[in-house]
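Peer 1: Numbering (the UniProt record's numbering), first residue to last: 1 to 107.
(1) Taking 6 Å as the limit between beta carbons, can you name the residues of its chain near residue 56, skipping five residues before and five after?
(2) Does the separation of the CB atoms of residue 73 and residue 33 fall below 8 Å?
(3) Unbroken alpha helix (DSSP H) runs of length 4 or more, entirely within the UniProt domain "X8" (29 to 107): which are they?
(4) Evaluate residue 80 with the Cβ neighbour count: other Cβ atoms within 10 Å of its Cβ, from every protein chain shown; 16 or more gives buried, anything less gives exposed.
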């Protein structure tokens with residue numbers, strides 16, 4: 001019985017060691033459109049993020065899963081976050097000329 005219990009504990013510890021865990025103080029972050037930014041500035045930032053910026057904006061196109069709500073602000077948040085998640089570890093930021101902000105609340 002003791003050998004079986006030790007085997008189970010060893011297996012559990014092995015599984016826990018390979019599951020990625022966040023370190024203390026590490027939180028998930030999302031890059032979203034700033035509520036105070038006018039739509040024309042958001043649209044210019046979307047155009048950059050989805051073009052030269054390299055964000056994948058295919059999911060905010062008509063008939064795609066993230067198209068609705070069909071607002072500039074929602075589409076900007078999607079584009080900004082896609083860019084940020086792809087490039088944050090390589091110098092990418094969540095700024096977009098002041099049109100974006102970081103949140104730790106899942107949008």
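Ideal Cβ positions, reconstructed from N, Cα and C, are used throughout, including at glycine.
Since we're looking at a predicted model, the values are computed, not measured.
Peer 2: Reading it off the structure:
(1) Mapped onto the chain shown, residue 56 falls at position 56. Excluding positions up to five away in sequence, the list reads 82.
(2) As a first step, residue 73 is located in the chain shown; it is residue number 73 there, counting from the start. As a first step, residue 33 is located in the chain shown; it is residue number 33 there, counting from the start. Yes. Within cutoff.
(3) 39 to 50 and 72 to 87
(4) Residue mapping note: residue 80 aligns to position 80 of the chain shown, counting from 1. Counting Cβ neighbours within 10 Å, residue 80 comes out buried, since at least 16 surround it.
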